[in-house]
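Student: Sharing a structure, written as structure tokens. Questions coming.
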Amino acid sequence: MKITVIGAGAVGATTADNIARANFAEEVVLLDIKEGVAEGKAQDMMQTAALLGFDTKVTGVTNDYTKTAGSTVAVITSGLPRKPGMTREELIGTNAKIVKSVVENLVKHSPDIILLIVSNPMDTMTYLALKASGLPKNRIIGMGGALDSSRFKYQLATKLNASPSDLNALVIGGHGDTTMIPLISKATWNSIPVVDFLQEHEQEEIIQKTMVGGATLTALIGTSAWYAPGAASAAMVKSIALNENKLFTASVYLEGEYGESDINIGVPVLINKNGWDKIVPMNLSENEKSKFKQSADAVRNMNNVLIDSNII
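Going by our numbering, the sequence shown opens with residue 146, and the numbers climb by one from there.
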């Protein structure tokens, strides 16, 4: 099985490295437009194989999409990273042109491919990938909800002094500082509701810290995060490659589910060899439904930039 990662920056390289170490793919192709970068990082990764015990071949290429032919999954990380003070919305114009070109090149050489979108603004870029690719909706997946949910678990684990692996917690809605919805009412610690352990002000603190998790890291390190996004992307690719049927929050195309249509936004889905296979319904409170509607409206406003600019 061949997996392609587009973009050899921090997120793309970390994604490729995580996939290689997991040892489920025959080959990982790392592609970048900058001469030598993907090749160099691929060699660096391959020089860890004997030390870490994996057999996945990592191949680096400069802008040669013929090398991606026959890929089962491609992870698209290309585009400008978010800088301090920059919103995801400000990235739309530049990144849309990049993502559209990448999608068209990938589909040309791998018509049965599944696309995992990481590029920001993620929900809008996922919607663009769907419209530009002509692929079935189940083969276009936005990664953001998996990352946001992991950040939610981190905040819960820190407050509760718990193991993150003992927590189940989901973030739905748009992948943005003001659009994501951490569902603390549904979160559990080994099947016990976390709200049983937290006062109301503590719950609100966790929600707010989760929502600005990306911006917090951007302010600290001067660019977008890469370890957690890379790990989230690799975990979703693994669920596809090994047909694990795992439940993630992912940005997928809705046609009436959760009261929304013609939009890609984060909801719980099963991820397997088909891409996303099933949208999982949840009983949301009226407040959560209202927040989801507001989130969808905000994402749709970003999508309108693509339409108004004649990008789709």
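Here a beta-carbon is modelled for each residue, glycine too, at the ideal position from N, C-alpha and C.
Starting from Tyr299, trace the alpha helix (DSSP H) in both directions and tell me its first and last residue.
Tutor: Looking at the DSSP string, the run of the alpha helix (DSSP H) that includes Tyr299 is Gly289 to Leu305.
Student: Taking the alpha-carbon positions, what's the Phe393 to Pro327 distance?
Tutor: Cα-Cα distance, rounded: 14 Å.
Student: Roughly how many angstroms lie between the CA atoms of Val203 and Ala170, to the nearest whole one?
Tutor: Going from the Cα of Val203 to the Cα of Ala170 covers about 10 Å.
Student: Going by beta-carbon coordinates alone, are Ser336 and Leu315 separated by less than 8 Å?
Tutor: Against a cut-off of 8 Å, the Cβ pair of Leu315 and Ser336 comes out as no contact.
Student: With DSSP run on the structure shown, which of helix, strand or coil describes Leu458?
Tutor: A query on residue 458 cannot be resolved here, the shown segment of the chain reaching from 146 to 457 and no further.
Student: Where in the region 309-371 do unbroken runs of the alpha helix (DSSP H), each at least 4 residues long, occur, reported from the N-terminal end onward?
Tutor: Whole alpha helix (DSSP H) segments, 4+ residues: 345-356 and 358-366.
Student: Quick check on Pro338: buried or exposed, where buried means 16 or more other Cβ atoms within 10 Å of its Cβ?
Tutor: Exposed: under 16 other Cβ atoms inside 10 Å.
Student: List the endpoints of the continuous beta strand (DSSP E) containing Tyr398.
Tutor: Start and end: Lys391 to Glu400.
Student: Please name the residue in Ala395, Ile178 and Ile408 whose C-alpha comes closest to that of Ile424.
Tutor: Answer by Cα proximity: Ala395.
Student: Taking the C-alpha atoms as reference points, what is the distance between Ser406 and Glu350?
Tutor: Going by the C-alpha atoms only, they are around 32 Å apart.
Student: In its own chain, which residues sit with a C-beta less than 7 Å from the C-beta of Met190, not counting the 5 before and 5 after it?
Tutor: Taken in chain order, the residues that qualify are Ala161, Asp162, Ala165 and Val203.
Student: Just to check my reading of the structure: Lys186 and Gly205 have Cβ atoms closer than 8 Å, yes? What is that Cβ distance to the nearest angstrom?
Tutor: Right, their Cβ atoms sit about 6 Å apart.
Student: Work out the CA separation of Ser430 and Met184 for me, nearest whole Å.
Tutor: Sequence inspection shows Glu at residue 184; the Met mentioned does not correspond to that position. Computed Cα separation, rounded: 50 Å.
Student: Just verifying my parser: in three-state terms, what is the DSSP assignment at Asp453?
Tutor: It is helical.
Student: What first and last residue would you give for the alpha helix (DSSP H) that runs through Leu275?
Tutor: Element bounds for Leu275: Met267 to Ser278.
Student: Let me make sure I understand the geometry here. Which of Arg284, Glu235, Ile286 and Asp209 has the alpha-carbon closest to that of Asn250?
Tutor: Checked all of Arg284, Glu235, Ile286 and Asp209; the closest Cα to Asn250 is Asp209.
Student: Where Pro266 and Gly290 are concerned, what is the direct C-alpha to C-alpha distance, given to the nearest angstrom?
Tutor: Computed Cα separation, rounded: 13 Å.
Student: In the DSSP assignment, the beta strand (DSSP E) including Leu261 goes from what residue to what residue?
Tutor: First-last of the beta strand (DSSP E) with Leu261: Ile259 to Ile262.
Student: Would you mind sorting Pro281 into buried or exposed? The rule is 16 or more other CB atoms within 10 Å of its CB.
Tutor: Label assigned to Pro281: exposed.
Student: Around the C-beta of Asn455, are 16 or more other C-beta atoms found within 10 angstroms, so that it is buried, or is it exposed?
Tutor: Asn455 comes out exposed.
Student: Leaving out the 5 sequence neighbours to the left and right, which residues in its chain are closer than 7 Å to Lys276 when beta-carbon positions are compared?
Tutor: So the list reads Ile457, once near-sequence residues are dropped.
Student: Buried or exposed, going by whether 16 or more other CB atoms sit within 10 Å of the CB of Lys179?
Tutor: By the 10 Å Cβ count, Lys179 comes out exposed.
Student: Whose C-beta lies closer than 6 Å to the C-beta of Ala153 among residues of the same chain, with five residues either side of it excluded?
Tutor: Same-chain partners within the cutoff: Leu175, Asp177, Val182, Ala183 and Lys186.
Student: What is the residue span of the alpha helix (DSSP H) that Ser246 lies within?
Tutor: Residues Ile237 to His254.
Student: I need the DSSP call for Glu433, collapsed to helix, strand or coil.
Tutor: Correct three-state label for Glu433: helix.
Student: Considering only their Cβ atoms, is the gap separating Gly238 from Asp268 smaller than 8 Å?
Tutor: Going by C-beta atoms, Asp268 is not nearer than 8 Å to Gly238.
Student: In the structure shown, what three-state DSSP assignment does Asp162 receive?
Tutor: In this structure, Asp162 counts as helix in the three-state DSSP scheme.
Student: Going by Cα to Cα distance, which pick from Thr368, Ile285, Ala158 and Pro374 is closest to Ile252?
Tutor: Note that residue 252 is Val in the sequence shown, not Ile. Considering only alpha carbons, the answer is Ile285.
Student: Got a sec? Which residues, its chain only, sit under 7 Å from Ile352 by beta carbon, not counting five neighbours each side?
Tutor: Taken in chain order, the residues that qualify are Pro327 and Ile329.
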